[in-house]
Every structure is written in C-alpha cells, then in structure tokens.
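What follows is a single structure, written as structure tokens, with notes after it.
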Amino acid sequence: MVIVIGAMFFYGTFPITSISRMMYAFARDGGIPGHTFFHKVNPKRKSPVRTVWLACTLSFILGSSVAFSAATSIATTGLYISYGIPIALRVAYAGQFVRGPFHLGMLSVPVATAAVVWIAFITISFVLPQENPVGSQTLNYVVVAVGIVVMCSLGSWILSARKWFMDPVKQIIAEEMGVGTMDPAVQVAVEHPDKVSNEKESG
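All residue numbers for the sequence shown refer to our numbering, where the first residue is 113 and numbers rise by one.
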C-alpha cells in the first residue's frame with residue numbers, strides 16, 4: 113500500500129510541476145491572461161509559487177475523474193509534443209538551424225530523426241484506449257484534450273496573439289548580447305539592468 117500511495121503521490125506531483133513551470137514561462141513572456149501577476153518568482157522559495165497554486169486550483173476544479181485523468185495525462189503527452197515540434201523543425205530546416213555550443217556534429221540529424229519517430233510512436237500509444245469495450249467512461253480523452261489545446265492556441269494566434277506575442281524575451285536579449293541564457297551574469301544583466309549599470313559606475 114505504501115508503494116501504491118507513493119506512486120500516486122509522485123504521479124500527481126509530475127503534472128503539477130510541469131504545468132506550473134510552463135504556466136510561469138508563458139506568463140513571463142506575456143502569453144496568458146493575468147501574466148503580470150503569475151510571472152512572479154517567490155524570492156524565498158526560488159520558485160513560481162503563484163503558478164503552482166494556479167495549477168493546483170485548476171486540478172481541484174476538475175471534479176470528474178475522467179476529466180482529471182485526461183488533464184493530467186496531457187501533461188506527459190503535451191510535454192513530448194512540445195519536445196517533438198522543435199526537433200522536427202530542426203530536421204526539416206537543417207540548413208537554417210544555428211548550432212549552439214553543444215551539438216552532436218554529424219549525428220545531429222540522425223539522432224533528431226530517431227527522436228521524432230520515437231515521440232510520434234509514444235504519443236500515438238498514449239492516446240489509444242486503455243480498456244475494452246470503449247465507452248464514455250473508458251475512452252482515453254487525451255486526444256480530445258490535445259485537440260482543444262491546439263485549437264485554442266491556433267485560434268488565439270490567428271485572432272490576436274500574432275499581433276503582440278513575441279519570442280521568449282529574456283532569451284532574445286541574451287542572444288543579442290552574445291551569451292547563453294544560462295550565464296548567471298547575463299541573467300542579472302537582463303533582470304536587473306539598473307543594478308549592473310550602478311556597479312559599473314561605482315567601479
């Protein structure tokens with residue numbers, strides 16, 4: 113029983129962690145309603161606490177076990193799809209891709225192709241019904257959830273988001289400075305430009 117409870121606990125923790133992190137990323141770049149409130153990081157815990165609670169609240173709202181199962185399952189399926197899209201674009205537009213400091217050299221395209229094939233296979237596996245006969249209570253609603261997300265995203269983009277949404281802001285600024293976003297100095301320069309300028313003046 114302890115093993116089952118532990119497995120269920122970690123199964124519930126994964127989608128909350130994934131969803132809250134993605135919500136924070138979208139809020140940081142102005143991609144969701146209320147982004148000015150949700151893009152804050154708790155200075156004490158060093159984590160986006162507000163989006164964590166938002167993810168928990170949305171999970172509690174889903175009272176139906178079927179709806180909750182579909183919503184939590186899409187966290188895994190959506191995560192793989194989000195990985196697969198840029199990898200597929202890397203394969204399709206290999207000539208226009210700018211390599212970073214770490215790459216696989218000649219193996220980049222073969223490995224990326226294998227990754228796309230594998231992601232396509234497991235994504236299809238995840239959306240297949242898990243029980244027979246298939247009914248309203250046994251249907252795997254992940255494909256419905258993915259379809260809703262895709263339709264809402266495309267609809268939002270066509271109607272308004274394409275007019276105001278930018279690429280990840282901090283990444284663009286850091287790339288223009290010629291340094292990767294993982295450099296702590298760049299992160300400070302991007303988030304606290306006044307602090308950096310004051311240090312230069314005092315130095």
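Positions of the beta carbon are idealized from the N, C-alpha and C atoms, including for glycine.
What is the residue span of the alpha helix (DSSP H) that residue i lies within?
i      : result
Leu219 : Unbroken run through Leu219: none, as it is neither H nor E.
Tyr123 : 114 to 140
Ser171 : 161 to 173
Val254 : 254 to 268
His111 : Because the chain here runs from 113 to 315, residue 111 falls outside it and cannot be looked at.
His147 : 147 to 150
Rounded to the nearest angstrom, how far is the Cβ of residue i from that of residue j, given a contact under 8 Å?
i      : j      : result
Val261 : Gly190 : 7 Å
Tyr195 : Ile231 : 6 Å
Tyr192 : Thr235 : 6 Å
Do residue j and residue i count as a contact pair if the criterion is CB distance below 8 Å?
i      : j      : result
Met135 : Ala167 : yes
His151 : Arg133 : no
Gly142 : Phe277 : yes
Val203 : Val221 : yes
Ala227 : Ile186 : no
Run the CB neighbour count on residue i, radius 10 Å, all protein chains shown included, and call it buried at 16 or more, exposed below.
i      : result
Tyr253 : buried
Val258 : buried
Thr169 : exposed
Ala224 : buried
Val210 : exposed
Thr163 : buried
Practice task
Would you be able to state if there are at least three C-beta pairs under 8 Å between the region 120 to 130 and the region 151 to 163?
Solution key: no
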